Every structure is written in structure tokens, then in C-alpha cells.
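Peer 1: Each residue of the sequence shown is one higher than the one before, starting from 0 at the first, in numbering that gives the first Met the number 0.
Pasting a structure below so you can have a look.
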Amino acid sequence: MGRNRREDYMAGDMSMPRRAFLGGVTALGAMSGLRMPAHAAVSPSVANLPARSNVVIRNAYVMTMEPSQPDLPNGDLHVDNGLIVDVGTGLAAPGAQVIDGRGFIVMPGLIDTHWHMWTTLLRNMSGDDRAHGYFPMTTALGKVYTPRDMYYGTLLSSAEALHSGITTVHNWCHNVMSYEHAVEDLRAMQETGLRGRFSYGPARSTPLTQPFSVADLERMHGDWASLSNEGLLTLGIAWRGVQAALPNAEGKMELRPLSPDMYRVEYEAARRLGLPVSVHLNSTKFDKGHIIALHKLGYVFDGLQVIHAINTSPEEMDILAAAGASVSISPASEMRIGFGLPKVAEYLDHKVNLALSVDTTPLTGNADMFGIMKLAQNLENGRSESEFKLPARKVVELATIEGAKALGLAERTGSLKKGKRADVIMVSTREVNIGPFTEPAYMLVDSAQASNVDTVLVDGRILKRNGKLTAIDVGKLMDEASAATQSIKQRANWK
0 MGRNRREDYM AGDMSMPRRA FLGGVTALGA MSGLRMPAHA AVSPSVANLP
50 ARSNVVIRNA YVMTMEPSQP DLPNGDLHVD NGLIVDVGTG LAAPGAQVID
100 GRGFIVMPGL IDTHWHMWTT LLRNMSGDDR AHGYFPMTTA LGKVYTPRDM
150 YYGTLLSSAE ALHSGITTVH NWCHNVMSYE HAVEDLRAMQ ETGLRGRFSY
200 GPARSTPLTQ PFSVADLERM HGDWASLSNE GLLTLGIAWR GVQAALPNAE
250 GKMELRPLSP DMYRVEYEAA RRLGLPVSVH LNSTKFDKGH IIALHKLGYV
300 FDGLQVIHAI NTSPEEMDIL AAAGASVSIS PASEMRIGFG LPKVAEYLDH
350 KVNLALSVDT TPLTGNADMF GIMKLAQNLE NGRSESEFKL PARKVVELAT
400 IEGAKALGLA ERTGSLKKGK RADVIMVSTR EVNIGPFTEP AYMLVDSAQA
450 SNVDTVLVDG RILKRNGKLT AIDVGKLMDE ASAATQSIKQ RANWK
């Protein structure tokens, strides 16, 4: 009685999250003119979201990102029951709600391919000295995370993703200390309606000789039908690879092989269960040859995703391309932490599937994928000393269809094509930071910001409209996230 929200958090009132953040969805849906679902017909998580809409967006600039469908300068997009019904001009859409698309770029939702979503509670805490750097900070504070902290961290990330026009995420969850930690982290994705992959990984503090709990992974795999949010979510593993750059007795970095008792157990569990594998490697000048080491073991395969891969040789790029593996880069975090300058054009020249990622907001500050696109283009043009090295349209591909390919989702999302799932965003071009209307690809890469995202649909559900999230009470979310961060710092005695 009389407790504030922080006191509720400290007391561990586990009934609060759904009530605090999603209890107002029905009212929000009614105000938005959206149909609400019958709860008996859908899963508990989906039941709290707006219903899949029957809408037609008219007279927009439709940027399809689909090779078989050119852009439509004055086009329509019809969405119903979670699917793209048609893309064209003058579409007949009887009974559909009409959205005026004039002044908007309508495009596929943006796709993040690697994001430690739990770390967003630690935003702006990577300091200016070694003791408070990103890795010491996230390891020390990550140790005290409760399952509930995982929920709030990923809930805040998910809300920011939707705000930023990101409709698909790869939640690279490397702080799984128990099955409950994984389930609560996953719950945030379920309740916000994002599409994505959840990659199960060991806690940051897990020794490099110790594999993660295969039993818990198998349990999650067995439970996936009830966890997948009607197929919106897929399962993978966040793997540690076969070698690492570690400090020696003198504090100097040296490359060391990891224990086969660890890496084989994790890798073979994923392959046995048919799960995709994602791994950080070749991240710095001290870590090299990792892809060759994997190749010798037969561990490079179609669907393998490698993260960062800054210090990768041309030979290794060819290995990845031949196998059908993909690379995810995060220019903002890689430069902020001092890994170096990520490669863009060189991977593309070697025909490697390349995509973009947020990585972690304690380093990037935010999840603005438009800013990440701009940084990718700028650093590559600067490196090549050419204004024209990396075309804007190619950069938009990295954030849409190429990201979908990297996550094995290109048949469902990443472009606007009849029959694909309706993951769509509307970007306003009538704002002072982006207008006047000129060349859409340039506008998105050079000028757009998350604040220009007016409307977001995921699987046909309108989750942002008129610049406001429809299914999340942002004020309550920030109250709870702030309380969670303060509690984490207190429990870790972090100064």
C-alpha cells in the first residue's frame, strides 16, 4: 500500500510487467480505429497487441526493395490479415481502412541482425577508463541481472526498435544464467510484437571452458511452438567460437584456442537441433584466422552468421561466400569501442551477404538504423577517398532485404512483395530535417532519423501510428526501466 513503482520493483512484484505496459493496448487500439482480437483465438502475448489490420496506403512513394518490383512514385500498398495483398497503383481494396501516403516513403521494415538487447538498461554507462569500459561494466553488472531485469532490458530495446522503424531484430542474448532468464528476455519480444531471432547464449561471466546448458537449450527448443509468438520468432544460438584473443600474464593480448569440450558441445547441440549459429570473430587486430580455423573443422556452413569480422582476410571472405555464410557489422559500436573500421565494400566485392546491426546501446547510444546506414556509407567512401564508392540504394539493401537473407527470413520479409508478411514502415518526408522531397534512397541514408518514422506495421499489426507507439505505455516503461537500472547498480555496488 502506498508503494511507488521503484518500491514495487525492488519488492519483486512479478505481476506488473504485462499490466504496466500492455494493459492499455485495448484502449489505444480503439483510439487508433483498430480491430481488437478475440483473446480465445490467439496466444496470450499476441492477445494484448492490436489486431492485424486491413489497410491500404495510397499515393505514397513505395520503395519495394524487390528486384522484380520497381519503386512506385505514386503507389499503393494493400495489407490484410498479416500479408501484403498487393503492391501497385489504383488498387481496389474494398473494406480496407485508407491511410493517406502522400508525403511518405513506404518501405520494408528495417532489419537488425545482431543486438544484445538486455544491455539497454546499461545505456550511457561505458566509461572513459579501463575499469568502467564496456566489457568490464557489462560483465560486472550482467552478473546480478535477474530474469526480470532481462525482461525490462529487452522490453526497452524492443520499444526503441519499433520507434526507429526496426521490425525484425536478432536478439543475441549472451547473458542467459537460467532458463527463466531466457524466457523472461524472450517474453519482452513476444509482448511487443517484433519479428526476430532469439539466439540463446551463455552468461557473460561463464568460463570459456564451460559450455552453456544444453539441457535448457533443448527444453526451449521443445517449448518453441508455444514461445514463437505464432511464428514471429525463431531460435538460434549465440556461440563463442573456437579461439579468442585474451590477455597473457603481462597483460598483452594473445590468440588462444578455446576448449573443444566447450565449443563442440555448443556447436553440435545447435546442429543436432537444426538451429542457426551466430558467432563473434576476427573482431580486432589480435583476433585473426578464426574463419580459417572454423573452416578446417567443417564449421562454416550455409546460414552461419559471423559478427564484426573486421580483421578478415580475402581468403576468409571467399570461404564465407562459398559456404553461403553472412557477416553482420555494426559501424557505430565497432568504432566507438576501438575495434577498428569495419569493411563494407570489400565484403560486397567478395559476394558475401552483408547486413547491419545495432549491437549494443551502451556503445551506440541508440538504435537509429538510419544513422548506422549513414555511418556505413561515410566510412567506406572516406576509406576509398571516393564520394561514389558505396551507393545509397545499396546501403538501404543492407538494412532491409540483405538483413532478411542473413536471418533466413527473405521469403517472409525484407521487401514489399505480394504474399510476404506485412512488415512495413512509413517515413515522413515533410519534416525540416529531411525535406524537400528529392531522391528517396539519399533521403533515407543522408537525412532520415528515427523521429521521421510515422507508422510501423509488423505482421500487419499497426504498432506505431502518427509517431506514437500504439501498444506500449512509454512513460510507465521508462519508470520501470529506470528503477531496474538503479537496482542493478546497487546490487553490483557499481560506482
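Think of the CB as a built atom: it goes at the ideal place given N, C-alpha and C, for glycine as much as any other residue.
Keep in mind that this is a model prediction, so the values were computed, not measured.
(1) From the DSSP output, in three-state form, read off Lys352 for me.
(2) Between the region 161–171 and the region 459–469, can you find at least three pairs of beta-carbon atoms closer than 8 Å?
(3) Within 10 angstroms of the Cβ of Val473, are there 16 or more other Cβ atoms? Answer buried if so, exposed if not.
(4) Assign Ile471 to one of three DSSP states: helix, strand, or coil.
(5) By alpha-carbon positions, which one of Gln68, Asn228, Phe211 and Ile306 ends up nearest to Tyr266?
(6) Below 8 Å on the Cβ atoms is my contact criterion, and I expect Leu296 with Ala322 to pass it. Report the Cβ-Cβ distance as a whole number of Å.
(7) Determine the DSSP secondary structure at Ala261, reduced to helix, strand or coil.
(8) Is the shortest distance between the beta-carbon of Ile104 and the beta-carbons of chain B less than 8 Å?
(9) Tell me which same chain residues have a C-beta within less than 7 Å of the C-beta of Leu408, skipping the five on either side of it?
(10) Write down the C-beta distance between Ile371 and Pro330 rounded to the nearest angstrom, noting that I regard them as a contact closer than 8 Å.
(11) Please list, in chain order, all residues of the same chain as Ala269 whose beta carbon is under 6 Å from its beta carbon, the five residues on each side excluded.
(12) Under the three-state reduction of DSSP, which class applies to Ser427: helix, strand or coil?
(13) What does a CB cutoff of less than 7 Å around Ala292 pick up in its chain, not counting 5 residues either side in sequence?
(14) Take the Cβ of Met219 as the centre, count every other Cβ of all protein chains shown within 10 Å, and call the residue buried at 16 or more, exposed below.
(15) Look at the alpha carbon of Ala354 and the alpha carbon of Ser177, and state the distance between them as a whole number of angstroms.
(16) Looking only at DSSP bridge pairs, what is Val97 linked to?
(17) Just reading off the alpha helix (DSSP H) that His77 is part of, what are its end residues?
(18) Within 10 angstroms of its Cβ, does Pro341 collect 16 or more other Cβ (buried), or is it exposed?
(19) Kindly list the residues whose CB is nearer than 6 Å to the CB of Glu379, restricted to its own chain and excluding five residues on each side of it in sequence; keep chain order.
(20) Can you tell me whether Val276 is helix, strand or coil according to DSSP?
(21) Check Leu27 in the structure and name its three-state DSSP category.
(22) Whole angstroms are fine: how far does the CA of Leu374 sit from the CA of Asn281?
Peer 2: Walking through what the data contain:
(1) Translated into the one-based positions of the sequence shown, residue 352 becomes position 353. Rather than Lys, the amino acid found at residue 352 in this sequence is Asn. Here Asn352 sits in strand by DSSP.
(2) yes
(3) By 1-based counting over the sequence shown, the position of residue 473 is 474. Exposed, because fewer than 16 other Cβ atoms sit within 10 Å of the Cβ of Val473.
(4) Position 472 of the sequence shown holds residue 471. Ile471: coil per DSSP, three-state reduction.
(5) Reading the sequence shown from its first residue, position 267 is the one you call residue 266. That would be Phe211, whose Cα lies nearest to the Cα of Tyr266.
(6) Along the sequence shown, read from residue 1 onward, the residue named residue 296 stands at position 297. Along the sequence shown, read from residue 1 onward, the residue named residue 322 stands at position 323. Contact doesn't hold; Cβ gap of about 13 Å is too wide.
(7) Looking up residue 261 in the sequence shown gives position 262. In the sequence on display, residue 261 carries Met and not Ala. It is helical.
(8) In summary, chain B is missing from the structure at hand, where a single protein chain is found.
(9) Looking up residue 408 in the sequence shown gives position 409. So the list reads Thr167, once near-sequence residues are dropped.
(10) Counting from one through the sequence shown, the residue named residue 371 turns up at place 372. Counting from one through the sequence shown, the residue named residue 330 turns up at place 331. Yes, they are in contact, since the Cβ atoms of Ile371 and Pro330 sit about 6 Å apart, within 8 Å.
(11) The count along the sequence shown starts at 1 and reaches residue 269 at position 270. Closer than 6 Å at the Cβ level, and outside the excluded window around Ala269, lie Ile236 and Val276.
(12) Within the sequence shown, the letter at position 428 stands for residue 427. Strand at Ser427.
(13) Within the sequence shown, the letter at position 293 stands for residue 292. Counting only Cβ-Cβ distances below 7 Å, and skipping sequence neighbours, we find Val241 and Gln242.
(14) If you number the sequence shown from 1, residue 219 lands on position 220. When all chains shown are included, Met219 counts as buried.
(15) Here the question's residue 354 lines up with position 355 in the sequence shown. Here the question's residue 177 lines up with position 178 in the sequence shown. The alpha-carbon atoms of Ala354 and Ser177 are separated by roughly 30 Å.
(16) Along the sequence shown, read from residue 1 onward, the residue named residue 97 stands at position 98. Note: Val97 sits in a beta bridge opposite Val55.
(17) Working through the sequence shown from its first residue, we reach residue 77 at position 78. Counting along the chain, His77 falls outside any alpha helix (DSSP H), though it belongs to the beta strand (DSSP E) covering Leu71 to Asp79.
(18) Locating residue 341 in the sequence shown gives position 342, counting from the first residue. It counts as buried.
(19) As a working mapping, residue 379 is identified with position 380 in the sequence shown. Excluding residues within five positions, the ones whose Cβ falls inside 6 Å are Val343, Ala344, Lys388 and Leu389.
(20) Taking the sequence shown and counting its residues from 1, the one referred to as residue 276 is at position 277. Correct three-state label for Val276: strand.
(21) Working through the sequence shown from its first residue, we reach residue 27 at position 28. A caution first: Leu27 carries a pLDDT of 40, below 50, which makes its placement in the model unreliable, though a value can still be read off. If DSSP states are grouped into helix, strand and coil, Leu27 belongs with the helices.
(22) As a first step, residue 281 must be located in the sequence shown, where it is residue number 282. As a first step, residue 374 must be located in the sequence shown, where it is residue number 375. One C-alpha to the other measures close to 21 Å.
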